[in-house]
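Worksheet for the structure shown next.
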Amino acid sequence: MKARLVCQTCHKYYPASQPLWHCACGGVLSLDFHARFPIHKIQKRKPTLWRYREALPIENDKHIVSFDEGFTPLIKEEFSGKKVVLKQDYLFPSGSFKDRGATVLISKIQELGIKNVIEDSSGNAGAAIAAYCAKAGITCDIYVPDTTSPGKLMQIQQYGANLHAIPGSREDTATAALQKAQTTYYASHCWNPFFFHGTKTSVFEIIEQLGWNPPDTLIIPVGNGTLLYGTYIGLKELRQEKIIDCLPKIIGVQAENCAPLAVAWKKQRFTADQVVPKKTIAEGIAIQNPVRAKDIVSAVKETKGDIITVSENAIIEALHETHRKGYFIEPTSAVAVAGFKKYHLRNDERVVVPLTGHGLKAGAMLSTIK
Ligand SMILES: *Cc1c(COP(=O)(O)O)cnc(C)c1O
Ligand SMILES: [Zn+2]
14 MKARLVCQTC
24 HKYYPASQPL
34 WHCACGGVLS
44 LDFHARFPIH
54 KIQKRKPTLW
64 RYREALPIEN
74 DKHIVSFDEG
84 FTPLIKEEFS
94 GKKVVLKQDY
104 LFPSGSFKDR
114 GATVLISKIQ
124 ELGIKNVIED
134 SSGNAGAAIA
144 AYCAKAGITC
154 DIYVPDTTSP
164 GKLMQIQQYG
174 ANLHAIPGSR
184 EDTATAALQK
194 AQTTYYASHC
204 WNPFFFHGTK
214 TSVFEIIEQL
224 GWNPPDTLII
234 PVGNGTLLYG
244 TYIGLKELRQ
254 EKIIDCLPKI
264 IGVQAENCAP
274 LAVAWKKQRF
284 TADQVVPKKT
294 IAEGIAIQNP
304 VRAKDIVSAV
314 KETKGDIITV
324 SENAIIEALH
334 ETHRKGYFIE
344 PTSAVAVAGF
354 KKYHLRNDER
364 VVVPLTGHGL
374 KAGAMLSTIK
């Protein structure tokens with residue numbers, strides 16, 4: 014059966030060959046797709062995320078746009094005597110795990126024959142989309158807040174994308190992009206379900222690298238939920254195919270200064286709370302209005318997880334501690350480490366924490382953090 018798009022609001026189906034990024038009713042689309050995991054074949058393939066080929070919703074191999082990315086190393090670490098396994102997802106061609114989503118989404122766009130796209134982002138998703146568009150020869154316009162780290166802005170421009178640095182909040186950037194999306198295909202990492210079917214590969218790799226055994230707990234930074242909700246999609250697919258029998262707990266971590274999902278979680282509400290965001294060094298997850306709030310909160314609930322917050326001081330402390338162990342990450346990535354440090358660990362609990370973005374992207378900001 015071919016992949017179909019399905020609206021989360023009115024449940025209408027569309028063939029995945031239609032170039033849609035949302036439903037006619039305005040609802041968010043998800044993908045109805047049967048992933049398969051032929052383990053013996055998978056294990057013989059190259060160590061890239063495309064080894065899970067039967068789980069990736071691209072019809073024809075010739076449309077794949079890839080740098081042979083993924084299969085990033087898992088490594089054991091300890092923070093204050095607490096054992097953890099780190100997934101080094103900052104080691105990607107564009108320097109963040111967003112390349113997982115971009116390789117699948119831009120491959121789909123190639124399959125649809127689309128030649129121009131737009132995207133808005135707080136930086137890393139824009140850089141990832143720009144990199145894969147460069148590889149595919151697709152023109153792209155990227156909207157970002159003008160306060161985004163200069164390293165990320167420069168990276169987007171160097172890939173040849175048209176950069177639009179928008180004054181104001183992240184929401185103002187989204188509004189500017191939505192305007193443009195009336196006429197140009199919106200390669201949005203928050204709206205477009207193909208992006209999530211790329212980010213889901215992180216947990217496929219984690220589980221394969223642990224000998225096809227799931228960890229007990231995953232601690233994931235969350236803004237728009239591309240990694241968190243992608244992980245949930247991936248886990249459900251693995252369970253449906255009986256590769257795992259139960260879902261690990263998903264713990265989402267937000268910066269206290271911008272935590273609409275954590276507030277909604279506390280009230281057990283399924284829409285993101287209106288919060289007045291304060292400035293945070295976790296620029297990559299400073300999302301005031303996540304479009305998939307309901308999916309994210311429901312996913313965490315189904316795994317018996319939690320959504321927690323960490324303070325700016327805790328993020329900075331975790332950032333320095335991670336750097337001193339030799340992992341050069343950007344401040345946003347330190348949110349997950351801070352979440353792990355705060356998390357009350359059971360004795361034998363096996364926890365995996367992804368490191369999501371490279372420190373070299375945030376050089377200017379890092380020099381101001383004491
Ligand atoms: C995008 C991003 C995240 C996760 O954010 P979501 O909005 O939930 O997808 C985490 N860390 C970094 C460095 C990121 O760029
Ligand atoms: Zn709909």
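Note that this note's numbering numbers the sequence shown so that position 226 is 239, with each residue one more than the last.
Glycine included, C-beta positions come from ideal geometry on N, C-alpha and C.
Sub-7 Å separation of residue 304 and residue 203 beta-carbons: Contact check for residue 304 against residue 203 passes: the beta carbons are separated by less than 7 Å.
Please confirm whether residue 317 and residue 343 have their CB atoms less than 7 Å apart. Contact: no.
Closer than 6 Å: residues whose CB approaches a heavy atom of ligand 2: Counting every residue whose Cβ lies closer than 6 Å to a heavy atom of ligand 2, we get 20, 22, 23, 25, 36, 38 and 40.
Going by DSSP, which residues form a beta bridge with residue 91? For residue 91, which the question treats as bridged, DSSP gives the partners 96.
In terms of residue numbering, what span does the alpha helix (DSSP H) encompassing residue 342 cover? Neither: residue 342 is in no alpha helix (DSSP H) and is coded neither H nor E.
Distance between beta carbons of residue 174 and residue 390, contact taken as under 8 Å: Since the first and last residues shown for the chain are 14 and 383, residue 390 lies out of range.
Using a Cβ-based criterion (distance less than 6 Å to any ligand heavy atom), does residue 114 qualify as near ligand 1? No, Cβ of residue 114 sits at least 6 Å from all heavy atoms of ligand 1.
Whether residue 48 touches residue 29 by CB criterion (7 Å): One thing to note: residue 48 has its Cβ no nearer than 7 Å to the Cβ of residue 29.
For residue 295, count the other beta carbons within 10 Å of its own beta carbon; 16 or more makes it buried, fewer makes it exposed. Which is it? The C-beta of residue 295 has 16 or more other C-beta atoms within 10 Å across all chains shown, which makes the residue buried.
Please classify residue 376: is it buried, with 16 or more other beta-carbons within 10 angstroms of its beta-carbon, or exposed? It counts as exposed.
If residue 323 sits next to residue 364, beta carbons under 8 Å apart, how far is it from one beta carbon to the other, in whole angstroms? About 16 Å separates the beta carbon of residue 323 from that of residue 364, a gap too long to meet the 8 Å contact definition.
Could you check if residue 235 belongs to the surroundings of ligand 1, using beta carbon to heavy atom distance under 6 Å? Yes - ligand 1 has a heavy atom lying nearer than 6 Å to the Cβ of residue 235.
Would you check if the distance between the CB atom of residue 263 and the CB atom of residue 227 is smaller than 7 Å? In this structure, residue 227 does not lie closer than 7 Å to residue 263 by Cβ.
Per-residue burial, residue 37 [other beta carbons within 10 Å of its own, 16 or more giving buried]: Exposed is the call here.
Which residues in the same chain have their Cβ closer than 8 Å to the Cβ of residue 91, if we skip the five residues on either side of it in sequence? Cβ within range, chain order: 97.
7 Å Cβ cutoff met for residue 34 and residue 205: Contact flag set, yes.
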